[in-house]
Each structure stands twice: as C-alpha cells, then as structure tokens.
Amino acid sequence: MSASRRARLSGMMAGVYGVQGAWWPLLAVHLSDLGISGRARGWIFATLAIGSIVSAIAAGQLADRILPAPRLLTLIYGLGTGLLALLAFGLVPPQAFPLFAVFLIYWLLTAPATSLSSTIAFRNLDRPAAQFGRIRMWGTIGWMSVGWLVSLVMGLRGSTQAGQGAYEAFGVATGLSALIAVYCLTLPRTPPLRTHATAPSPSSTDHLRDFLLKPGVGVLLFVAFGVSLTTPFVYQVVPAYLPTLGLPRPWIASAMSLGQILEIASLAVLPRLLGRLGFRRAMTLGIAAWLVYHGVMALRPPLAAILTVLPVQGLAISLFHITAAMYLDTQAPPDRRATTQGLYIMATTGLGNLLGSLLAGEIVDRVGEVAPPVFLVPCAMAAAMFGIFVVAFRTKSTP
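Adding 3 to a residue's 1-based position in the sequence shown gives its number in the numbering used here.
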C-alpha cells in the first residue's frame, strides 16, 4: 500500500471520528444545562441507536451495490453540516422534543459513517488484519485532538459555569464536518462490488442465516450487543459525574479524551497483539476492561483515581469493539463486507445503544442524581457478557 493511500485513509478516520468527538462527550452536560430531564436525555442519546438501526444496513447495501462509499460519505457529511450549524447557533428550541427531532434526523443521515469508513479502509488495504489497526488509530487521534480543541475554545470564551450550554462544541463540529465532506472526494476509488453483471447469489435471508452460523459469529454479535448496553453510561453519565468529584467544567471534554490514550497505544501494536493473542483472547481482555471501568466508577474513588481509570475505556474499545469488526470482516463474503459492517453497527451502536441509552436515562431519573449506584448496572452486565463470551465463543480464524 502506498504512503499516499495510507495517509488519505488515516485522514478519513481522523475526520469521521473527530466530528462526533467534538460534541458527543459534552452532550450530557449540554442537555443538563438546558434543563432536559434524565429520561428525555436518554431518548436524545438513543437517536444514535435509532439512526444506526434504520440506516446502517441500508447504507451498506448502497455502498455494496450502487454508490461508491466515498461519495456516500461526502453526501452524509454535507447534509450533516447544516444540522450541526443549527445546534451551534442555538437555532433549535431548547426543549426535549425539538432537540430529539434534530438529533434523530442527524443520526439517520450520519450513523452509517463509521461502518462505511471501515469498509473503505478494509477494501483499500492489502492486508486488513495487519494494517487496519494503525489506520483506525487515526480516528482515535482525531477524536482526542478535537476534544482538547473544544476545551481550549470553551476556556477562551469563558464557558466555565453550569447553565451555559456547550455550543462551542457544536461550532467546532460544524467546521470539521464541512471539511470532511470535501475531503472524502479525495479518497481512493472504492466502487460497489456487486453489479447487475455479477453472478446470482443466495437470497439475503440465506446469506444472513449462513453468516450467523459461521463459527463464533452469532455468539460475538450477541455479546457485542450486550456489551453495547453498557457503553451509553460512558458519555451519558460520566461527564456529569466528573464535576461532582471536583473536575473543572472546561476540562470535561479533555478528561473524556483520556480514554483515547490507551486506545491509540493498543491500536498501534494491534497487529502484534492479535498475532500473539488471537481474536478470542484479545476480545476477552476487551470485555474485562469494560468490567474494570464500570467497577471502579461504582466505587466512587478520588478524582485522581477516576482520571487514571478513564484510559481503560480505550483498551476496551480497541481490543473488543474494533477487533470484533475486524473478525467479522474475515468472515464476510467479499461482496457483502459493507453490509456485514452495517449489521455489526446495527447490533451495537443500534440495538445495544438504544436500550442502553434508555436504561441509563431511567436509572438516573430513579436515583435522582449521577451517583455511584448508577454504575452497578453496567458493571453487572459487563460481568455477564464476559462469562458468556469465555464459555461460548469459539473460532478457528486467525488474524
């Protein structure tokens, strides 16, 4: 693979993840400032999941059959930029339903972007299992870098008090979204693999059944769904939890970006890790990392200890979520790779995050505040998924 192609794919990942990283870590704080209830916040966070369920597989089908994936990304971010601008300039009424509607439309458009970016990378890499980790690492760098930029902008604008909202985060996201929409026009040509001239293949139902019956696939999708029930607690609950421990408000986005430190490090050496550990042991460690993360949060240790455990999130993401996507790519038929990534996104970012977001909102409402007992639920779920995966997941595939 040429250095130019590697650089373009890396830039794509940095932009795709940077757009979401600009505002997603501060969304809970922003909604709290606007006086949105915990239950309503749960529904607003669930719009990402709803968008993933509705559009992820459909976008995968488009990329597999009709429209080149880079052009689809350009269209996605071009439309998404306008919606982010509405939020940045405060043009959306600060009530639950208008905000829910805007975020729902936004995610219906943009939820497929992460799976499409993975598909573009997989399609353009000579050895995806060995090379994808270092390309995907730039998505994490983009997310983390933009988080620090947002903290700097908020500090310069004096947004240090509760009740002010986090409009600066949406402003940064708007500019970056416009840039990535144009940038995607420069990506390597990635035409659909399925055309009318392609030989007939089994029906979608037969394909799905055969795919789910492959070694480990069904179990992995179920466990990924279960683990994803716990991930909404990270961005829906933790940002509001940190100020109660004494963290200054402008540094919330930067603190949340600490999760990317271990993610960057582990992605940089992911090919070597997978060579030593294999898919199964790597993903087992990833689920264990989620268990440690939520367990420590439930203990309410001092702020210094919390800041120490925040990077464990990155280890969980790289060793489980990213490795799982790589494993599924090895199991997918060549002409269904975008659809397979869409299925994974639907199970995790879709169904898992939908139910997890609603659950987190309900728990916060019932407890009455962001408190340590809130984290006992994701801790228990992570423990259950760890046990199921260790007992039931089997595969013969190697990286």
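Using N, Cα and C, we set each Cβ at its ideal position, and we do this for glycine too.
For the stretch 16-93, the full-length alpha helix (DSSP H) segments reaching 4 residues or more read 30-36, 41-68 and 72-91 along the chain.
The beta carbon of Ile290 is closer than 8 Å to those of Val226, Val230, Ala319, Phe323, Ala385, Met388, Phe389 and Phe392 in its chain, skipping five residues each way along the sequence. Cβ atoms of Met16 and Arg139 come within 8 Å of each other, at about 6 Å. Bounds of the alpha helix (DSSP H) holding Met259 are Ile255 to Met259. A Cβ-Cβ distance of about 21 Å is found for the pair Ala172 and Val185, leaving them out of contact under the 8 Å criterion.
When the Cα atoms are used, Ala374 and Val57 turn out to be separated by approximately 33 Å. Judged by DSSP secondary structure, Leu102 falls within the alpha helix (DSSP H) whose first and last residues are Ala99 to Thr113. Comparing C-alpha distances from Leu288 to each of Gly249, Ile325 and Ile264 shows the shortest one belongs to Ile325. The Cβ neighbour count for Leu331, taken over all protein chains shown within 10 Å, is at least 16; the residue is labelled buried.
Taking 9 Å as the cut-off, the beta carbon of Val32 is found closer than this to the beta carbon of Ala169. By the CB criterion at 9 Å, Tyr109 and Gly83 fall inside the cutoff.
In the DSSP assignment, Leu276 falls within the unbroken alpha helix (DSSP H) covering Leu273 to Leu302. Shown here, Arg252 sits in a helix according to DSSP, grouped into three states. In this chain, the alpha helix (DSSP H) harbouring Ser180 covers Tyr170 to Tyr186. Here Val240 carries a coil assignment [DSSP, helix/strand/coil]. Apart from the 5 residues on each side of it in sequence, Leu362 sits with its Cβ closer than 8 Å to the Cβ of Gly45, Leu232, Pro235 and Val380 in its chain, given in chain order. Here Thr233 carries a coil assignment [DSSP, helix/strand/coil]. With a threshold of 16 other beta carbon atoms within 10 Å, Leu302 falls short and is exposed.
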